[in-house]
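The structure appears right after this line, and notes come after that.
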Amino acid sequence: MYQKYSDGEITAIQSFVILISIMIGTGVLTLARVVAEVSRQDAWISVILNGIFIAFMMMIIVYMISHFPKHNFVQYTSCLLGKPLAYIVAFSYVIYALLVTATVVRILSEMVITWLLTNTPLWIINLIIVITIVYMVKNGVTALARYNEVIIFMLIPFSLLVLVGLPEASIINLRPVGGTGISTIIKGAIPSFFSYAGYEVLLVYYPYISDKQKPIMRNSVAAVLLVTLFYTATVAAQIALYGPQEIQHVLYPSITYLTAVEFPVIERMEIFFTIFWVFTVFGTAGIQYLAGCILLQNIFTTEKIHLFAYGLAPIIFLITMLPQNTREVVDLGDKVGRANVFFGLVFPLAIFILYFIRKESLKHERNH
Amino acid sequence: MRFLNRLLNSVHGQHREIELVDQGNKKRHHLSNDLSINRDCLKEILKEMDDIVYREIKLGTREAYLEAVLIYAINLVDINIVNENIIRPLNAYYLSKAEHSCKEPLTEADIGEIVNISRINNVTSYGDLVEGILSGNTILLMDQCEKALVFSSQGRKARDVEESSVESLVRGPRDSFVESIQANIGLIRSRLKTPSLKAKKKIIGSESRTTVYVLYIDNIVDQQLLDNVIKKLDDIQIDGIFESGYLEQYLEKSSYSPFSQMQITERPDKACANLLEGRVIILIDGNPQALILPITFFQLFQSPEDYYERILFGNFIRLLRYLGFIIATSLPSIYIALISFHHEMIPMDLMLHLSKTRAQVPFPPVVEVLLMEGTIELLREASARLPNTIGQTIGIVGAIVIGDAAITAHLASPTMIIVVAITAIGSYVLPHYSTSYSLRLIRFPIILMAATFGAFGIIIAWTWIIVHLCSLDSFGYPYFSPLAPFDRGLKKDGIFRGALWRLGESANTANKKNQTRWWRGGL
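Read top to bottom, the protein sequences are chains A and B. Counting along the first sequence from 1, when you hit position 224 you're at 224 in my numbering, and nothing is skipped either side. Whatever position you read off the second sequence (first residue = 1), add 368 for my numbering.
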């Protein structure tokens, strides 16, 4: 047991936790609105559909990657794509990870300014968040995974907040079930896709799992389904409270939802939500940021991960300062979301297909 | 030892006869054949030490005897042992043999039969000789003999085994460790009568030559951990150690962390329970505290009583301690954040009362909190150093007089006093006094963060603390286990505790090393 938790490795449970933690992030705030804009009262069906699709993607990723247990991201992509292309993909993943981190940090600071600190300058909040994330990441993957394990326990009360609006909600808002038609429901699955963004980090973190004999496939799919359950409950509860028309005009349904009910001792329940939410968003940003650092470490084949963690921090900070207002933040989020389509969908599918094409030759290579 | 070498060299200059035997690189001055030279050398080494007694004695019969001298430090030996068990038998022998015709001086083997001493050793070098004297042994130097006999005769004044004052329990054994390491090992051995309980002796400190014992149960302990500890102990370069804290700083990895990575205990029952869980105990001579290592964060919240009392109550107490921990670290900062940043979170009626009392206080909440927290810290430090009776008085003066006066003088609001008082009480809930140091230390940064950034500041501060706890380890064992990394087997004991018989059951499947008990604390 002395060696079990050596630095630079994570356990199978921690990989499960990392997946949950990265998926539940900034997306949950607006999820109900963006999906309801398309598929109206059937938004929750769209979320379930999307969840099943993501679970399927997850199976592809884990299946493919489990054939390369001893290779890191750069190594197995070089096996499949050839070295030059692998480095290009790895570098673009680094840029993507940095952009996602910066976007998440910026959305977080926007939220902090809106709900907690209205008068503090933006750059101070950005700075303090970036410092915290660097501190979180500099000790490497083991410490970060442990942090996420801690906050997963905080997510339990967080998820119970879904229930608070139920006394006010009416089931009639969800009817008629399936009334919008199948094609609309499928269209509604597209905006909800971005709320699951980040599951592709398993591509980077898988090599660091120490006990691969555990059912990683089952764990990862379970993580996706758990998140799907949480999202479905959130969306259904919020639509049931607001109705499919009204919810399209609520900016952050997950937060406004909590103002619907009055509590005896604590007023302003949504601030509690924000407090729990900040912890999970730190987790999300930290995981993405570390994924970028690990890839750089793989590319340059060095041991020193903290150098990348320190070195990239100013870049993150600068990107977070780029958007001038909330509108531009949303635009940046959309652009990063498009990159997510590549890394979450196209890239895993491509290497999955390539794996099948090159299966025989790979076996041949490995025998030598 | 440097001092000793220097001295011996100078003595060596006067007495050419002393042999200097070079064994490899290690110079060792050996005893000579001549008693007078040996005695003079020793007197030169131990000069200006008037507490050393040189007792001349004659060994053998009246006609044929051997000159000998007994040397001991009068304050370190049990004088009864020297009188009754060494000098009296030797003299009696001398007198009884006087009438007979035996004309042989006594040999070394004869002495062993005459004196009534349990442990007799041979030494041949001055270094060992001096160490023997200073450890409270009695030395017998004989003429025509290159060896000295060391009779163990330690009789240092030791405190009786009493009840521990810092770790007292309502239910549980009353005895606690004392300053004598022999007594302490005895307390542990009398509870664990197994040959697997090993005790490794180390001498640490170039001048203090302190005896340190490393205790472990060899079929349970992690061998790698043990090797690591022994290696670190061997590497220590220090002139003297007087308290377990010295060792702690040499052994731990993150000395600048506010959280201790080892635990001290005065309770032998606790030490034994930890030994059975595969931990290592370090005992230091002259010190009633034993070091336990490695530990986890949640062990700081455990007290032996949790296991002695009923399950439900034991867990209730633990829950109370976690609550105490959160209160002691964050309650003042939550107060500041609510009052200065998020007053909309306070219910309306309460807010009205609060603003009424706060209206007369001229300071911002953070100054108010720091003022009262500072006072409490001063009071705590003052009453800890004073004798018991005065300490209590100071406590009452502080709590009632200053608190009440502060309100009437409008220096603090009554709510504030309640907050500070609950915070202080919260930190006393923890079973180990040194843990409350870490709480007091991390409370102030959180207060400052809350004063600058409100609730967001508290979140940031707690993120830092959690990340720090997650990256900390105690001798290679993750400090925040069994929460992170989550350990399924340990959920039965660690954060909360299950029934003892259930914990034993799980041991059979999870840990093959100790079939009956591996559970407490999280290794």
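Built from N, CA and C at the ideal position, the CB exists for glycine as well.
Would DSSP call residue i helix, strand or coil?
{"i": "Phe627 of chain B", "result": "coil"}
{"i": "Val797 of chain B", "result": "coil"}
{"i": "Gly613 of chain B", "result": "helix"}
{"i": "Glu745 of chain B", "result": "helix"}
{"i": "Tyr76 of chain A", "result": "helix"}
{"i": "Ile632 of chain B", "result": "strand"}
{"i": "Lys569 of chain B", "result": "strand"}
{"i": "Glu673 of chain B", "result": "helix"}
{"i": "Asp543 of chain B", "result": "strand"}
{"i": "Ala441 of chain B", "result": "strand"}
{"i": "Thr142 of chain A", "result": "helix"}
{"i": "Val582 of chain B", "result": "strand"}
{"i": "Gln391 of chain B", "result": "Since pLDDT at Gln391 of chain B reaches only 37, below the 50 mark, its modelled position is unreliable, and no value is offered."}
{"i": "Ser849 of chain B", "result": "coil"}
{"i": "Ala516 of chain B", "result": "strand"}
{"i": "Arg407 of chain B", "result": "helix"}
{"i": "His249 of chain A", "result": "helix"}
{"i": "Ser493 of chain B", "result": "strand"}
Pull up the distance between the alpha-carbon of residue i and that of residue j, whole angstroms please.
{"i": "Ser15 of chain A", "j": "Ala145 of chain A", "result": "8 Å"}
{"i": "Leu809 of chain B", "j": "Ser802 of chain B", "result": "11 Å"}
{"i": "Tyr125 of chain A", "j": "Arg577 of chain B", "result": "Correcting the residue identity first, residue 125 of chain A is Ile in this sequence and not Tyr. Straight-line Cα distance between these residues: approximately 55 Å."}
{"i": "Thr612 of chain B", "j": "Gln629 of chain B", "result": "First, the amino acid is wrong: residue 612 of chain B is Ser here, not Thr. Those two C-alpha atoms are separated by around 13 Å."}
{"i": "Ile287 of chain A", "j": "Pro626 of chain B", "result": "26 Å"}
{"i": "Gln670 of chain B", "j": "Gln631 of chain B", "result": "11 Å"}
{"i": "Leu19 of chain A", "j": "Thr831 of chain B", "result": "19 Å"}
{"i": "Pro215 of chain A", "j": "Gly540 of chain B", "result": "45 Å"}
{"i": "Asp603 of chain B", "j": "Tyr845 of chain B", "result": "21 Å"}
{"i": "Glu412 of chain B", "j": "Tyr805 of chain B", "result": "48 Å"}
{"i": "Phe91 of chain A", "j": "Phe300 of chain A", "result": "11 Å"}
{"i": "Gly523 of chain B", "j": "Glu741 of chain B", "result": "48 Å"}
{"i": "Leu98 of chain A", "j": "Ala309 of chain A", "result": "11 Å"}
{"i": "Leu312 of chain A", "j": "Val100 of chain A", "result": "13 Å"}
{"i": "Gly392 of chain B", "j": "Ser503 of chain B", "result": "Low per-residue confidence applies at Gly392 of chain B: pLDDT is 35, beneath 50, and the placement is therefore not dependable, though the value from the model is reported in the following sentence. If you take the alpha carbons of Gly392 of chain B and Ser503 of chain B, they lie about 27 Å apart."}
{"i": "Ile556 of chain B", "j": "Gly759 of chain B", "result": "34 Å"}
{"i": "Ser520 of chain B", "j": "Val787 of chain B", "result": "59 Å"}
{"i": "Val261 of chain A", "j": "Val164 of chain A", "result": "7 Å"}
{"i": "Thr302 of chain A", "j": "Leu81 of chain A", "result": "22 Å"}
{"i": "Ile319 of chain A", "j": "Ala102 of chain A", "result": "6 Å"}
{"i": "Leu258 of chain A", "j": "Ala236 of chain A", "result": "14 Å"}
{"i": "Ile553 of chain B", "j": "Asn596 of chain B", "result": "22 Å"}
{"i": "Gly646 of chain B", "j": "Ile663 of chain B", "result": "11 Å"}
{"i": "Leu720 of chain B", "j": "His711 of chain B", "result": "11 Å"}
{"i": "Pro94 of chain A", "j": "His836 of chain B", "result": "First, the amino acid is wrong: residue 94 of chain A is Val here, not Pro. When rounded, the distance between both Cα atoms is 26 Å."}
{"i": "Trp44 of chain A", "j": "Pro782 of chain B", "result": "50 Å"}
{"i": "Thr633 of chain B", "j": "Arg559 of chain B", "result": "16 Å"}
On a CA-only basis, which of the options is nearest residue i? Give me that one, please.
{"i": "Tyr690 of chain B", "options": "B:Phe666, B:Leu555, B:Trp832", "result": "B:Phe666"}
{"i": "Val582 of chain B", "options": "B:Gly844, B:Ile775, B:Leu659", "result": "B:Leu659"}
{"i": "Val349 of chain A", "options": "A:Ala12, A:Met59, A:Ile22", "result": "Strictly speaking, residue 349 of chain A in this sequence is Leu, with Val absent from that position. The shortest C-alpha separation from Leu349 of chain A is found at A:Met59."}
{"i": "Leu687 of chain B", "options": "B:Tyr624, B:Val788, B:Met713, B:Pro799", "result": "B:Pro799"}
{"i": "Phe848 of chain B", "options": "A:Val47, A:Val74, A:Val150, A:Asn173", "result": "A:Val150"}
{"i": "Ala696 of chain B", "options": "B:Leu807, B:Gly608, B:Ile663, B:Asp674", "result": "B:Leu807"}
{"i": "Val38 of chain A", "options": "A:Glu168, A:Pro191, A:Tyr310", "result": "A:Pro191"}
{"i": "Gly27 of chain A", "options": "A:Leu174, A:Tyr199, A:Pro121, A:Ile113", "result": "A:Tyr199"}
{"i": "Ala774 of chain B", "options": "B:Arg726, B:Gly759, B:Gln760, B:Leu816", "result": "B:Arg726"}
{"i": "Tyr385 of chain A", "options": "A:Glu246, A:Val104, A:Phe347, A:Glu9", "result": "The question about residue 385 of chain A has no answer here: the residues shown for chain A are numbered 1 through 368."}
{"i": "Met510 of chain B", "options": "B:Pro813, B:Glu531, B:Glu476", "result": "B:Glu476"}
{"i": "Asn655 of chain B", "options": "B:Glu531, B:Phe812, B:Glu547", "result": "B:Glu547"}
Would you mind giving the Cβ-Cβ distance between residue i and residue j, rounded to the nearest angstrom? I have them listed as a contact below 8 Å.
{"i": "Arg482 of chain B", "j": "Val518 of chain B", "result": "Going by the sequence as given, residue 482 of chain B is Ile instead of Arg. Not confirmed; about 16 Å, so no contact."}
{"i": "Val281 of chain A", "j": "Thr234 of chain A", "result": "Contact flag wrong, Cβ pair sits at about 16 Å."}
{"i": "Arg40 of chain A", "j": "Thr180 of chain A", "result": "5 Å"}
{"i": "Leu615 of chain B", "j": "Ile652 of chain B", "result": "7 Å"}
{"i": "Ile439 of chain B", "j": "Ile501 of chain B", "result": "6 Å"}
{"i": "Gly8 of chain A", "j": "Ala197 of chain A", "result": "About 26 Å separates the two Cβ atoms, so there is no contact after all."}
For this session: For the segment 781-800 of chain B and the segment 692-712 of chain B, state whether three or more C-beta atom pairs, one from each stretch, are separated by less than 8 Å.
Result: In this structure the segment 781-800 of chain B touches the segment 692-712 of chain B; the number of beta carbon pairs closer than 8 Å is three or more.
Exercise. Okay, do the segment 413-429 of chain B and the segment 455-462 of chain B touch, 3+ Cβ pairs below 8 Å being the bar?
Worked result: Segments in contact, yes.
For this session: Count the CB pairs spanning the segment 233-248 of chain A and the segment 202-210 of chain A that are closer than 8 Å, and state whether there are at least three.
Result: Under the three-pair Cβ rule at 8 Å, the segment 233-248 of chain A does not count as touching the segment 202-210 of chain A.
For this session: Taking 8 Å as the threshold, find out whether the segment 631-646 of chain B comes into contact with the segment 672-684 of chain B through three or more Cβ pairs.
Result: Result yes; three or more Cβ-Cβ pairs closer than 8 Å.
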